[in-house]
Amino acid sequence: MIPVTHMLVFSMILFGIGVTGVLIRRNALIMLMSLELMMNAANINLIVFARQLDSLAGQVFAIFVMCVAASEVAIGLAIIAALFKNKETVQIDYLNDLKG
Amino acid sequence: MEALVSFFSHYMLYILMGLTLLTAVGVVYSKNAVHSVVALLLTMILVAGIYLMLDAEFIAAVQLLVYAGGIIVLFVFMLLLVALHKDEAQRLFNTYTVVSLGLVAFLVIVLAVVFFGMPFGPEPATVTNIVKGGSTEAVAGTLYSTYILPFEIASILLLVVMVGAIVLTKERVKS
Amino acid sequence: MDFTMINIVIPTVKILIVFAVILLSVLVMTYAERKVIAFMQVRLGPMRVGPWGLLQPIADALKLFSKEDIIPTMADKLVYFLAPTLAIVPAFLTFLVVPFGDQTTFFGLLKHPTSMAISDFNIGLLYILAISSVGIYGILLGGWSSNSKYPLLGALRSAAQIVSYEVPLTLALVGPILLANTLSMKGIVEAQAKGMWFIVPQFFGFLVYLACAVAETNRAPYDLPEAEQELVAGFHTEYSGMKFAFFYLAEYANMIVVSAIATVVFLGGWLPVPGLAFLHIPAIIWFALKVGFFLFIFLWLRATYPRYRYDQLMQIGWKFFIPVALINIFVTALLVL
Amino acid sequence: MNNVLGFPILTLVTFLPTLGAVLIALFLKKEQSKAIKYSAFAVAFIDFLVSVPLWFYYSPGTWKMQFQEAHDWIPSLGVKYAVGIDGISLLLILLTTLLGFIAILSSFKAIKEREKEYYVLLLLLQTGMMGVFVAEDFFLFYVFWEVMLVPMYFLIGVWGGPRKLYAAIKFFLYTLAGSVLMLVAILALYFYNHQVTGVWTFNIQAYHQLAPYIAANAGKTFQYLITLAFFIGFAIKVPMFPFHTWLPDAHVEAPTAGSVILAGVLLKMGTYGFIRFLLPILPDATKVFLPYFVFLAIVGIIYGALVALVQKDMKKLVAYSSVSHLGLCMLGVFALNPNGINGAIIQMINHGVSTGALFLIVGIVYERKHTRMISEYGGLSKIMPIYAVIFMLMTLSSIGLPGLNGFIGEFTILAGAFQAKPIWAIIATSGMVLGAAYMLWLYQRVMFNKVSDENVELNKKGILSDLNGREIAYFMPLVIAAFWIGLYPKPFFKILEKPVNHLVEQVQPDFFKREQVKFDLNKVKPVVHEGGEEEHE
Amino acid sequence: MSDILTRIAADTPLILPEIILVIGATVVLFGAFFARRNTRLIAALTLVTLVAAAIALFGVPLGKTGFFGLYRSDGFSLLFKVIVLWVGILVVFISMDYLEARGYEAAEFFALLLYSIVGMFFMASANDLLTIFISLELMAISVYVMVGYFKDNELSNEASFKYFILGAFSSGFFIFGASLIYGAVGTTRIDLLADKIPFLSGGIGVFATIGVLFMLVALGFKTALFPFHQWAPDAYEGAPTPVTAFMSVAPKAAAFAIFLRVFVYAFGNVRYDWVPILSVIAIMTMIWGNFTAIRQENIKRMLAYSSIAHAGYMSLGIIAGTPMAIKSMILYLVAYSFMNIGAFAIVIILSRKDGYGEKINDFNGLAHTNPLLAAIMLVFMLSLAGIPPTIGFFGKFYLFGAAINSGLYLLVTVALATSVASLYYYFRVVKAMYLGDMPAKRTVSLTLSEKVTVFLTAFGTLVVGIYPTPLFEFIKTTFLR
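Chains as they are written, first to last, in the working numbering: chain A, 1 to 100; chain B, 1001 to 1175; chain C, 2001 to 2337; chain D, 3001 to 3537; chain E, 4001 to 4481.
Structural data, given as structure tokens:
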């Protein structure tokens, strides 16, 4: 098995990629996908620590995170669908009706 | 043979991690959203592989079921419905891409360096708890005893998601 | 992990065997399909190639492999190539945990008895479900990457159908899991060895499973996605040659998988039919017979029933099968408790 | 509890206007213009009458709070509804009630739209101001201090001049900014008090008693910060020199009655705050900053006067004169001796009377001709003789002519300032000279030059007419007050004597001992020792 | 097995209010079948549920930890729950006619409202990062849907999307931070974290601190603190106004509950790791929120920025972290619930039909056409600006007092200075109402439910502002229990 720290660095980078995706992409769907990457990074942490600490809480936590990830995707896609119905696009460039 | 053993136990995870990062980058930087989805699918499968290597078979299976069987299908559906003939490739990135990239890269590097230096001690010799009776049973034992409350909340959460998704997407019946 | 010689070689051998068996079964299935349906429709079926047309599948295979591989100009190449792979790999991977029989020493060849499954995870059933859920991307992406209307519609339909029916299918399997108290395929069979076959206490579950399995594999009467009259050939309209063969293989492999699961979960796997144990038929033959029985049902259904309408199909899935499966779980859980 | 009257007279005085306002708001319709005016006047006048007994029942023999009432308000915080007055507040309350009904009387004709709201707001304002002077609880004080801003905002904002919106919000923001600083200081003291005594209280007397302890034990920075917070809070209200910029805007844009109240009462709250809170609670820290404070006060005197000199607008001129006069008051306060403080308080009253009257005077011509430009007038004495007389009186009062009230205040302040540091008095006197200059010049330009034909015409038409009965009626009390203070100020000084002496003792505990020694040594001429004091130091 | 069941059964009374809410919500949801068009009936059902939950709430034993330590029932959580319930009741009142006028189904809306309240209840009581996370999501997802409830309306869609994407983003941070803390400390229980965090060895301590900072970012998003606030104005402006009213108070209250729970209780012993950062964030929030609010033309947007600013004030309570500060924060939230919902109620009343009334200019001359309504709005604006004698003043007084008591002079000075600046934009509304040009005569008639809301909030704002003792005592005694 490889050291925990290597896994952590890996998950940190994965998380970073996810954050980047949310920040820089203009396509709502890809933003949503990047969110999933973030969640997965956290999950990897949890699993790694569950093994390191020999405690199951991490794995249980990970299951809940997946549950939440699925929920968020479902709702997110529903919102995007509603948006698409009205605006015919999923590019966030066109989300500019609200500003002050 | 010994070489193979050490190869598997040592480098397999690195290979998986490397591939995961590659596909993750693919998710973010693909021009075509469908390619992103494919990359995401591969990422999820690879992550499931990582879980498998970390004695979390159950989580790995759930990962595949939830992501491959559920989430990404939704994504693909949405993509096929929504972004098919759109010229989405006109402007892929935000105007402040470089700034964001720099910022995130900086943070990630700093944190990664910090993490790298963490004194986490040696890996545990035995992981009795989490593989007791196969990880499924152990996870279930914890999930349905200690974490029964979040479990119930999660059930409400899923109900809300169902209601919400229907509310948001159903055609409005005008009176 | 213990990487010793024996632990590497034996699985490899097993994998090769299973792979060969599947390919063979697919060949047999294509032949059987034509023949069975032909007989049901009171005609002869293929008769030209070989005696009684027995070599027909081989001829078909040769034809497929030698055909030109057409790639539509507007297709998304990467995804177009990826899709058949995504369809076939999971289909084969699922066989990893299917126990074809009890432990065996292969007629004394091995010192220690080894399982007739390639591997026996303790989450076997979950593993199958997880892996098979990846298969859908082959269809979806294949339909999308062809960049053509009919394949896309077909893909969407079939994906929607598969996703919808995966829910009651999984739910139908929960009842037996509760009874067996394990997710391991082997464990489930062993649980049935102690008591009765789960088809008895889980009869409704079995029916739901059967119906959903047919829908899962996009077979008649749930073969909407490839309804020729509406959608030409569904998601693989644009595919030809080798890639088409992959889809074709995947479909039949899937049929075999669901049949195998049904066999393991509901019909006692390799166990002999109660009362016929004295025959001393090897376990693997029992297994093959049962799987064959299910495959026959597939063909039978195709020959007998007309195709559903799409909205009816979805309705029956969500509004009938899921509630029934849920009630089934509920009752089972109460009884187990 | 110390209340000779046995019934809650202060509460009555404070909340009578509110009661009236509520009744008017509820029972009178917008259209009943007369009823609204008269009932508002009646309420204010009754309020004045109710406040008069305070004067008679006040016992000047003690510095202690009188007419006290106390009820629990928020026990968990130690906040009480505690009111009570000493001589200082007594005078200010009387001034408030007096100006209150005068202001209402003066608006009968000037205000033509949204009358109901106007009078309701005036009455509410009255309560707010009174509350500030009677509050014996810091919290209560703060509440009233802030409450009063809202009606004033509306008075300026609705019935004001052309730039009313700007002026109103500026006034509000400035004052609020000051008051929140004050709040920080109050809270800091509150917690400090709890730390020291273990009691949660906002009682002002309790803080007064804590003062020596604070001076001795509290951290220097703590003391300085609180002092500065209080200083800025009150200085904005006064307004002292660099914080005065809201004042000309607010005064100029406010309706006449608003200006009267603003100048007459609101500004006094700042000085009152200095006297009541800053000096007794933080004497040592105040003394540290004293030179700067005095510097600002003196700059205010001169700057106000100089700016007033160049104004073309009568109201602006009077407004800037307020800056100058209040600077003088502050000088008196910061002299930190009985003379200075007595004078400052008397001068506060004087300023209320005379500047209030001057605003009314400006308001009268504005009401008639709708301009305040000095150049538009001239020779008014010929067509408006009574007006000219009253104007004259008030001008003289303002510049401090002996026999009129202004003289008493200014003289006492200068005496106090001289006693403290002669140079202060000398510089301040120059400001007074300037004061005489701009007031008299104003009077000359408005009253004596040639009457323009237009004005004569207007006079003939009855537009630019002389004062009518109502107007004379509301000038009369002010004129009487001016003469009273000017000719017989003794009762005022008597009322102020004990509280002010007590205050001085709090600020300079050895002041009277020191004075006593001097008196003992030189029984004949205390004046000589004013100069000698410097040698002692 | 049976042992576990008995323990769960023994703990069930603790979550009785939540159970009632869930059942009620489900009943309301089924209202979509039997009372599709009967908004009133559904609203009545919702109210009954809320009241029943309130009654049950006061019967819940306090000071207990249940469900294997994941749920904590104490005075602190009770107070937050009361606030949330109270806001819920008010929002039911104000949304009835609004929904009816626009022809949207009420059943799903109220069901989602109740579900989100369930989420907030669990948030208030959560004693474990996992419970916090999952209940936070329950609350958040319900609110995302509510924000996008007017699905035909592009603004609502857009608001919902923006709110969603940043909410989910912050969830990602939360969970990543939680995973780091789990790794460093080995537990996710709040009480155990509090005990263990200070004793971590140096390196691991740094690691845990990074986790804490991640969570700070996440909770900063949820409470709309400065660099993480961008979602708030858009979401507030685009959402249906009752939802805006709701989300400006209730989710914020719940988010602050977990903010306190996590940062003051769990990480209270390592407060010097995060206090400086949060202080900077708080200062920036107050400044940014208040000064950006000044140039808003849309009143919902203006109130959104004001709510950012108020969140900045409230974060003082977290920074101070004393029991007194926490009580003050709760009081502030109560105050905020009165005045902000009241203000939104008036915006709703004005814009019930045609969206007229969402611009500040639309308030022009309201004092002439509806003097009483204008007067009440004036009270709310005064209260928001913190002018006595209103409840908003007491809220600020208490909060800043507690902060001063903890020695946060700089922060309080900034808070006060910015709250003076806030007066400017609150008074733009007042200015429009009283000093603005008269528009065409347009009187608004109030329905019963609107009257009730306006009365309740105005009553609370004024009367509590004049005699706050009962409220103070209630908070004080409950907090100690």
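Even for Gly, the Cβ is constructed at its ideal location relative to N, Cα and C. These numbers come from a predicted model, not from an experiment.
Beta-bridge partners of residue i, as assigned by DSSP
{"i": "Arg-25 of chain A", "result": "B:Phe-1093"}
{"i": "Gly-4066 of chain E", "result": "E:Tyr-4071"}
{"i": "Asn-3203 of chain D", "result": "D:Asp-3137"}
{"i": "Ala-4126 of chain E", "result": "E:Tyr-4071"}
{"i": "Met-1078 of chain B", "result": "The partner list for Met-1078 of chain B (beta bridge, DSSP) is empty, contrary to what the question assumes."}
{"i": "Lys-4359 of chain E", "result": "E:Asn-4298"}
Min CB distance residue i to chain G below 8 Å
{"i": "Ser-1100 of chain B", "result": "Absent from the structure: chain G. Protein chains present are A, B, C, D and E."}
Own chain, CB closer than 6 Å to residue i, minus 5 neighbours either side, in chain order
{"i": "Val-3524 of chain D", "result": "Confidence is the limiting factor: at Val-3524 of chain D the pLDDT is only 48, short of 50, which leaves the residue's position unreliable and the question unanswerable from this model."}
{"i": "Asp-3249 of chain D", "result": "Ala-3167 and Lys-3170"}
{"i": "Pro-2272 of chain C", "result": "Trp-2286"}
{"i": "Ala-4385 of chain E", "result": "Ser-4422, Leu-4423 and Tyr-4426"}
{"i": "Asn-3003 of chain D", "result": "Phe-3067 and Gln-3068"}
Member of the options whose CA lies at the smallest distance from the CA of residue i
{"i": "Val-4084 of chain E", "options": "E:Leu-4378, E:Asp-4152, E:Arg-4271 and E:Leu-4113", "result": "E:Leu-4113"}
{"i": "Lys-4431 of chain E", "options": "D:Gly-3198, D:Glu-3457, D:Glu-3069 and D:Phe-3154", "result": "D:Phe-3154"}
{"i": "Pro-2072 of chain C", "options": "C:Pro-2272, C:Asp-2311 and C:Ser-2146", "result": "C:Ser-2146"}
{"i": "Tyr-4425 of chain E", "options": "D:Leu-3393, D:Phe-3172, D:Glu-3376 and D:Leu-3054", "result": "D:Phe-3172"}
{"i": "Gly-3087 of chain D", "options": "D:Phe-3108, D:Thr-3018, D:Tyr-3081 and D:Thr-3062", "result": "D:Thr-3062"}
{"i": "Met-3182 of chain D", "options": "D:Thr-3221, D:Met-3148, D:Phe-3234 and D:Gln-3126", "result": "D:Phe-3234"}
{"i": "Tyr-2252 of chain C", "options": "C:Phe-2294, C:Lys-2194, C:His-2280 and C:Gly-2269", "result": "C:Phe-2294"}
{"i": "Phe-3243 of chain D", "options": "D:Leu-3414, D:Val-3451, D:Leu-3267 and D:Ile-3281", "result": "D:Leu-3267"}
{"i": "Trp-3484 of chain D", "options": "D:Ile-3349, D:Ser-3465, D:Leu-3503 and D:Ile-3383", "result": "D:Ile-3349"}
{"i": "Asp-4191 of chain E", "options": "E:Met-4286, E:Thr-4469, E:Phe-4068 and E:Leu-4366", "result": "E:Phe-4068"}
Close-in-space but distant-in-sequence residues of the same chain around residue i (CB under 7 Å, 5 per side omitted)
{"i": "Leu-4078 of chain E", "result": "Leu-4057, Leu-4062 and Thr-4478"}
{"i": "Ile-4042 of chain E", "result": "Val-4028, Gly-4031, Ala-4035, Ala-4106, Ala-4107 and Phe-4110"}
{"i": "Ala-3994 of chain E", "result": "This structure leaves residue 3994 of chain E out entirely; chain E is present only between 4001 and 4481."}
{"i": "Met-39 of chain A", "result": "Val-65 and Ala-69"}
{"i": "Phe-2204 of chain C", "result": "Val-2324 and Asn-2328"}
Where the alpha helix (DSSP H) through residue i begins and ends
{"i": "Ala-4052 of chain E", "result": "4039–4059"}
{"i": "His-3325 of chain D", "result": "3314–3335"}
{"i": "Glu-4473 of chain E", "result": "4469–4480"}
{"i": "Ile-2256 of chain C", "result": "2241–2266"}
Endpoints, beta strand (DSSP E) assigned at residue i
{"i": "Leu-1011 of chain B", "result": "Contrary to the premise, residue 1011 of chain B reads as Tyr rather than Leu in this sequence. Unbroken run through Tyr-1011 of chain B: none, as it is neither H nor E."}
{"i": "Gly-3083 of chain D", "result": "The amino acid at residue 3083 of chain D is misidentified as Gly; the sequence shows Val. Per DSSP, Val-3083 of chain D belongs to the beta strand (DSSP E) from 3079–3085."}
{"i": "Phe-3074 of chain D", "result": "Looking at the sequence itself, residue 3074 of chain D is Ile, so the reference to Phe does not match. Its beta strand (DSSP E) spans residues 3066–3074."}
Heavy atom of the ligand NAD within 7 Å of residue i beta-carbon
{"i": "Pro-3162 of chain D", "result": "Here there are no bound small molecules, and the ligand NAD is not part of this structure."}
Give me the subset of the region 4070–4102 of chain E whose CB atoms are less than 7 Å from a CB atom of chain B, sorted by chain position.
Leu-4070 and Tyr-4071
Taking a Cβ distance cut-off of 9 Å, strictly less, list which residues of the region 1012–1044 of chain B are near chain C, in chain order.
Asn-1032, Val-1034, His-1035, Val-1037, Val-1038 and Leu-1041
Mind checking the region 3132–3164 of chain D against chain E and listing, in chain order, the residues whose C-beta falls within less than 9 Å of any C-beta there?
Phe-3139, Tyr-3142, Val-3143, Phe-3144, Trp-3145, Glu-3146, Val-3147, Leu-3149, Val-3150, Tyr-3153, Phe-3154, Gly-3157, Val-3158 and Lys-3164
When Cβ atoms are compared, which residues of the region 3316–3329 of chain D fall closer than 8 Å to chain E?
none
Going along the region 4451–4478 of chain E in order, which residues come within less than 7 Å of chain D, judged by CB to CB distance?
Pro-4468, Thr-4469, Phe-4472, Glu-4473 and Lys-4476
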